[in-house]
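Have a look at the structure below, then the notes.
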Amino acid sequence: MPTVRLEKRLLLRAHEEGNEYLHSPAHGPVDFEITAIDLDCEGEIPKDLDGVYIRNGHNPIFQPPSGRYHWFDGDGMVHATTFSEGKATYRNRMVMTAGLANEMEAGKGLYPSLRDGFAAEEGLKNSSGTDVVLHNGEFKTMFSRCGQPYRLDPENLNTLGPDDFNGGWSEGVSAHSKVDERTGEFIFFNYSFNTKPYMQYGVVSADNEVKHAVEIDLPGPRLPHDSWMTENYTILHDLPLFWDQGLLEKGKKKLTLHDLPSRFGVIPRYGNNSDIKWFEAEPTYILHTVNAWEEGDEIVAYAYKQLSPCPTVPRDTPSAKVQNYFLSFLYMQPRLTEYRFNLRTGRTSERIIDDANAEMPGMNYRYLGLKNRYSYNTYAAEVPYFLMAGIQKWDYLSNAQIDNYMLPKGKFMGQPVFAGKLDSTQEDDGYLLAYITDIDGGDGEIYIWSGECIGDGPIAKVKIPVRLPGGSHAYWGHGRDIRRAQARRLL
Ligand SMILES: [Fe+2]
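Residues 37 to 527 (my numbering) make up the sequence shown, in order.
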């Protein structure tokens, strides 16, 4: 049995009738922070698994003043499990943002909901609950609507404060800004929904100094969610899913797929706005990319192109349930798509390479930006949430699914992480890990598969001694990367 320590009791105040992101066992917030040492396991935790598996998510404390709640309004909470020498310790911790601190001081919710009108957008709280990476030996949490990232201690997961990159950048970054694990650089983009510049782009060094930051011209405000990087380039997104401008002038917001091409801006890593080459493609929306690399004159890039970026919401759907249609990959119908951007001719080619309704991919991030062979993509589920029903192992050499695993009934996962063996030259030599949510309210788990073979099922099931709600993005922080960055700081 693990040793479980209650660290903090959280008084949850958010309530909206019929809102599954507040009241279902699958997504409802938890009202505690705990540390659970020496977790039980079915099977054996691999002795060479060394690092921290961290996943972000939304855990609302206060009710937005309008009484409406959108899942992305919820304060960030990380769930982090540290693996070392065959043992595992689990911690969950709130990301202590400035907004949450203000609300705690006031004793009530102070910020609007994403479900409120357009005017509310300006006052949104940066929940820092969307994404997380390891950079400079610390975790950084990020929000999909931008704002300053928050720094977390990699050992105790306590919030160290907002990150302004040693005073070099206080304008914020978007979720899905990326880490190049080979150079240690943090490659960011930032966007604005109302004022110019509508996009910014930059590079931060391995020791958190801003090396480069430029403004990017866009025709208007956009809602990009992700980007790609290669060894020498970053590819920025200008997609035609954005607010109806006519309604915006009346203070209303409605997402519309405009009759415009998708545009992808290829910028050298240290390039300026004038260096960008824009490539046009079919209109769509992309939440998540997989990987991209350089190949001759081309950049080859993989992402989940949506067939239905604006799902139809049935009439008479209660207000609290409308968000389900925009938070379900089942309805958005993402498809794994290959884009090729030819830097010599300026031409784009694109093709859907898999019919599976899948998304939330994981891969060996040591290969991010390099030609890689495998990703672990997750299947959309028959439930109206951001939860996934299983995994496929995709081989980019043959462009085919070569293995897969479906989760047991009632169990769902989010984005998996890949813990590669650092001294191996084989990309899939390592372990695939996924937090498992029991939608009936049972305790959480971490499934661990061999990266080479997922079809035979997990080699270990680590038991989390509490309920684990579904979450957003995840990262594997290699123990060696954390220790090296700490040693560098002590020099
Ligand atoms: Fe995302």
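All C-beta atoms, glycine included, are put in the ideal place defined by N, C-alpha and C.
Select from the options the residue whose C-alpha is nearest the C-alpha of residue i.
i: D517; options: E221, G183 and A124; result: E221
i: G122; options: S102, D74 and L136; result: D74
i: S460; options: G487, A470 and G477; result: G487
i: D390; options: A339, G480, R371 and P397; result: R371
i: D199; options: E217, M396, V169 and N138; result: V169
i: T473; options: I490, P505 and Y483; result: P505
i: Y441; options: K457, C489, S263 and G405; result: C489
i: F448; options: D295, I303, K341 and E481; result: E481
i: T231; options: E158, V40, I81 and L526; result: E158
i: A392; options: A416, L406, S385 and S411; result: A416
i: E285; options: R503, E69 and F154; result: F154
i: V326; options: M399, S60, R383 and L296; result: M399
i: E56; options: V40, D76, P82 and G110; result: G110
i: T427; options: T39, S411 and S263; result: Per the sequence shown, the amino acid found at residue 427 is Ile instead of Thr. Minimum Cα distance to I427 is reached at S411.
i: H51; options: R127, D67, R520 and G103; result: G103
i: D431; options: K407, D67 and E316; result: K407
i: I312; options: L46, D253, N360 and R218; result: D253
i: E45; options: M37, H106 and M130; result: Correcting the residue identity first, residue 45 is Arg in this sequence and not Glu. Taking only the C-alpha atoms, the option nearest R45 is M130.
Quick one: give me the first and last residue of the alpha helix (DSSP H) that residue i is part of.
i: M399; result: Taken as a continuous stretch (DSSP letters only), M399 belongs to no alpha helix (DSSP H), as it is neither H nor E.
i: I389; result: Counting along the chain, I389 falls outside any alpha helix (DSSP H), and DSSP gives it neither H nor E.
i: H59; result: E56 to H59
i: E174; result: Not the alpha helix (DSSP H): E174 falls in the beta strand (DSSP E), residues E174 to M178.
i: E481; result: Per DSSP, E481 belongs to no alpha helix (DSSP H); it is in the beta strand (DSSP E), D479 to S486.
i: M37; result: Neither: M37 is in no alpha helix (DSSP H) and is coded neither H nor E.
i: Y412; result: Note, Y412: premise wrong, no alpha helix (DSSP H); beta strand (DSSP E) at Y410 to A416.
i: Y367; result: F365 to M368
i: Q522; result: G515 to L526
i: Q530; result: Only positions 37 to 527 of the chain appear in the structure, and residue 530 is not among them; the question remains open.
Considering only the beta carbon of each residue, do residue i and residue j sit closer than 9 Å?
i: Y89; j: G513; result: yes
i: T125; j: T195; result: no
i: F229; j: G238; result: no
i: S344; j: Y367; result: yes
i: D167; j: A116; result: no
i: F257; j: Y306; result: The sequence given here places Pro at residue 257; Phe does not occur at that position. No, the pair does not count as a contact, with Cβ atoms beyond the cut-off.
i: R380; j: D333; result: yes
i: H509; j: N192; result: no
i: L272; j: T320; result: no
i: P101; j: L136; result: no
i: V250; j: W205; result: no
i: L85; j: I484; result: yes
i: L323; j: E418; result: no
i: D465; j: R409; result: no
i: F175; j: P190; result: yes
i: H294; j: L277; result: yes
i: G446; j: G493; result: no
i: L404; j: E217; result: yes
How would you call residue i, buried or exposed, if buried means at least 16 neighbouring beta carbons within 10 angstroms?
i: I388; result: exposed
i: Q281; result: exposed
i: Q99; result: buried
i: K161; result: buried
i: V215; result: buried
i: N95; result: buried
i: D243; result: exposed
i: D262; result: buried
i: S164; result: buried
i: A79; result: A quick correction: the sequence has Gly, not Ala, at residue 79. Burial call: exposed.
i: N360; result: buried
i: A337; result: buried
How about residue i: is its Cβ closer than 8 Å to a heavy atom in ligand 1?
i: L323; result: yes
i: H273; result: no
i: H294; result: no
i: H212; result: yes
i: S263; result: no
i: D167; result: yes
i: H528; result: Because the chain in this structure spans residues 37 to 527, residue 528 falls outside the shown range and cannot be described.
i: S411; result: no
i: S164; result: no
i: S344; result: no
i: S508; result: yes
First and last residue of the beta strand (DSSP E) that includes residue i?
i: S355; result: Run containing S355: none in the beta strand (DSSP E); it sits in the alpha helix (DSSP H), S355 to F362.
i: M113; result: M113 to S120
i: G135; result: Unbroken run through G135 is the alpha helix (DSSP H), A134 to A142; no beta strand (DSSP E).
i: F68; result: F68 to I73
i: Q428; result: M424 to D431
i: L275; result: Unbroken run through L275: none, as it is neither H nor E.
i: P198; result: T195 to P198
i: E78; result: C77 to G79
i: F224; result: E221 to Y227
If you measure from the CB of residue i, is any heavy atom of ligand 2 nearer than 8 Å?
i: S180; result: No copy of ligand 2 occurs in the structure displayed; its ligands are ligand 1 alone.
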